[in-house]
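S.K.: Residues 31 to 306 (this note's numbering) are what the sequence shown spells out, left to right. Below is a structure I'd like to ask you about.
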Amino acid sequence: GKLKVQVFPGGTLGSDVQTVSAVQGGTVEMTVLNSGILAAQVKEFAIYDFPFLFANAAEADAVVDGPFGKGLHAKLGERGIVGLGYWELGFRNITNSRRPVNKVEDLSGLKLRVIPNPINIDWVKALDANPTPLAFPELYAALEQKAVDGQENPVSVILANKFAEVQKHLVLTNHQYNPQSVIVSKRFWDTLSPADKQILQDASNEAGKYQRQVSRELAATQLGDLKKAGMQVTELPAAEQAKLRDKMKPVIDKYAGSVGENTVKDLMAELAKVRK
Numbered sequence: 031g032k033l034k035v036q037v038f039p040g041g042t043l044g045s046d047v048q049t050v051s052a053v054q055g056g057t058v059e060m061t062v063l064n065s066g067i068l069a070a071q072v073k074e075f076a077i078y079d080f081p082f083l084f085a086n087a088a089e090a091d092a093v094v095d096g097p098f099g100k101g102l103h104a105k106l107g108e109r110g111i112v113g114l115g116y117w118e119l120g121f122r123n124i125t126n127s128r129r130p131v132n133k134v135e136d137l138s139g140l141k142l143r144v145i146p147n148p149i150n151i152d153w154v155k156a157l158d159a160n161p162t163p164l165a166f167p168e169l170y171a172a173l174e175q176k177a178v179d180g181q182e183n184p185v186s187v188i189l190a191n192k193f194a195e196v197q198k199h200l201v202l203t204n205h206q207y208n209p210q211s212v213i214v215s216k217r218f219w220d221t222l223s224p225a226d227k228q229i230l231q232d233a234s235n236e237a238g239k240y241q242r243q244v245s246r247e248l249a250a251t252q253l254g255d256l257k258k259a260g261m262q263v264t265e266l267p268a269a270e271q272a273k274l275r276d277k278m279k280p281v282i283d284k285y286a287g288s289v290g291e292n293t294v295k296d297l298m299a300e301l302a303k304v305r306k
């Protein structure tokens, strides 16, 4: 082929923050990372960390693939980055060692590990649970020693890190969706001919569809693996999911100012179209 891609997996080129900087400088030509990380470059990307934005994968796809998602990627241009499209890490779910969660009130009082950032602390508080910010490498030991009751992550992460050994209950809350941005260094992009740019864009579009399809198929089989490992899995009825979303509204309102009221309005307008 005309363009050859060399892959450096598992953070071998540095942390996410270092990699974004390297993309801006042109020493790394392309990377894929959680879209929320790009909030350090364009503040509006922090909206992707908002809880309970998307009820399902179809809603997430409509937003990231539509004018909203493309518009956010377009803002990266002035930061030396070109956004080609979106992959996914997927939906996050809650596990705990104390009790099954069949309704929102069952989360009350649980000590939940969260990613150390303000919005995560606030949404856990909104559920009357107790947020405990912890770095990920410390999490397994904290669960094992019962320093925390539970945690939240995508099914793939729960399985890969053997949390079923120290967590009995998994509730499919789908409370946060993590899109991943495929980004290219503008310095590199500007050296490409229009035809080569199109090749790269087309390949990114195709890869994005395939990655999400595989990610979703895998999540279904991984859920089965967690059940085999002894986890009890519950799903919240639609009325309870609606209750969860209502509890998140004050948290979203609190952080709406920092990403811009118009950004929130635009995203909600896109969602309203899908939910018709």
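Note that beta-carbon positions come from the ideal geometry of N, C-alpha and C, so glycine has one too.
(1) For Ala159, which option in Glu168, Lys273 and Val134 has the closest C-alpha, if you only look at C-alpha atoms?
(2) Which residues mark the beginning and the end of the beta strand (DSSP E) in which Thr61 is found?
(3) Am I right that Lys141 and Asp179 are in contact with their C-beta atoms under 8 Å? What's the rounded C-beta distance?
(4) DSSP state of Leu253, grouped into three classes?
(5) Should Ala307 go down as buried or exposed, given a rule of 16 or more other Cβ atoms within 10 Å for buried?
(6) How is Val178 classed by DSSP in three states: helix, strand or coil?
(7) If contacts are defined as beta-carbon pairs under 8 Å, then Ala156 and Pro267 qualify, I think. What distance do you get, rounded to the angstrom?
(8) If Asn123 sits next to Thr264, beta carbons under 8 Å apart, how far is it from one beta carbon to the other, in whole angstroms?
(9) I'd like the span of the alpha helix (DSSP H) that includes Thr42, first residue to last.
(10) Please classify Asp206 as buried or exposed, where buried requires at least 16 other C-beta atoms within 10 Å of its C-beta.
(11) Check the DSSP bridge columns for Lys141 and list the partner residues they point to.
(12) Would you tell me roughly how many angstroms separate the C-alpha atoms of Leu301 and Pro39, rounded to the nearest one?
(13) Output the distance between the C-alpha atoms of Gln210 and Asp95, rounded to the nearest integer angstrom.
(14) Using the Cα positions of Asp152 and Asp46, report the straight-line distance between them to the nearest angstrom.
(15) Is the beta carbon of Ile188 sitting closer than 8 Å to the one on Leu169?
(16) State the Cα-Cα distance for the pair Met60 and Asn292, rounded to the nearest angstrom.
(17) Below 6 Å CB to CB, which residues in the same chain sit around Val304 once its five sequence neighbours on both sides are set aside?
(18) Between Asp220 and Phe98, which are expected to be in contact by the criterion C-beta below 8 Å, what is the C-beta distance as a whole number of angstroms?
M.R.: In this structure, then:
(1) Taking the sequence shown and counting its residues from 1, the one referred to as residue 159 is at position 129. Answer by Cα proximity: Val134.
(2) Translated into the one-based positions of the sequence shown, residue 61 becomes position 31. Note, Thr61: beta strand (DSSP E), Met60 to Asn64.
(3) Along the sequence shown, one-based indexing puts residue 141 at 111. Along the sequence shown, one-based indexing puts residue 179 at 149. The Cβ separation is near 5 Å, so the contact holds.
(4) To locate residue 253, count along the sequence shown from 1; it is residue 223. In the three-state DSSP reduction, Leu253 falls in the helix class (H, G or I).
(5) Nothing can be reported for residue 307, as the shown portion of the chain is limited to 31 through 306.
(6) Position 148 of the sequence shown holds residue 178. Looking at Val178 - three-state DSSP - the assignment turns out to be coil, as it is neither helix nor strand.
(7) Within the sequence shown, the letter at position 126 stands for residue 156. Within the sequence shown, the letter at position 237 stands for residue 267. Not a contact, Cβ separation roughly 20 Å.
(8) Here residue 123 refers to the residue found at position 93 when the sequence shown is read from its first residue. Here residue 264 refers to the residue found at position 234 when the sequence shown is read from its first residue. About 10 Å separates the beta carbon of Asn123 from that of Thr264, a gap too long to meet the 8 Å contact definition.
(9) The count along the sequence shown starts at 1 and reaches residue 42 at position 12. Boundaries for Thr42: no alpha helix (DSSP H) harbours it, and the DSSP string shows neither H nor E there.
(10) Taking the first residue of the sequence shown as position 1, residue 206 is located at position 176. In the sequence under discussion, the amino acid at residue 206 is Gln, which differs from the Asp named in the question. Classification of Gln206: buried, given that the 10 Å Cβ count is 16 or more.
(11) Walking along the sequence shown from the start, residue 141 turns up at place 111. Beta-bridge analysis with DSSP links Lys141 to Asn160.
(12) Position 271 of the sequence shown, counting from 1, holds the residue named residue 301. Position 9 of the sequence shown, counting from 1, holds the residue named residue 39. Distance between the alpha carbons of Leu301 and Pro39 is about 34 Å.
(13) The residue given as residue 210 occupies position 180 in the sequence shown. The residue given as residue 95 occupies position 65 in the sequence shown. Rounded to whole angstroms, the gap between the alpha carbons of Gln210 and Asp95 is 12 Å.
(14) The residue given as residue 152 occupies position 122 in the sequence shown. The residue given as residue 46 occupies position 16 in the sequence shown. Straight-line measurement puts the Cα of Asp46 at about 24 Å from the Cα of Asp152.
(15) Taking the sequence shown and counting its residues from 1, the one referred to as residue 188 is at position 158. Taking the sequence shown and counting its residues from 1, the one referred to as residue 169 is at position 139. Taking 8 Å as the cut-off, the Cβ atoms of Ile188 and Leu169 do not count as close.
(16) Position 30 of the sequence shown, counted from the start, is the residue given in the question as residue 60. Position 262 of the sequence shown, counted from the start, is the residue given in the question as residue 292. Cα to Cα, Met60 sits roughly 30 Å from Asn292.
(17) For the purposes of this step, residue 304 is taken as residue 274 along the sequence shown, with counting starting at 1. Correct list, in chain order: Glu89 and Ala92.
(18) In the sequence shown, counting from the first residue as 1, residue 220 sits at position 190. In the sequence shown, counting from the first residue as 1, residue 98 sits at position 68. That belief does not hold up - the Cβ atoms of Asp220 and Phe98 are roughly 26 Å apart, past 8 Å.
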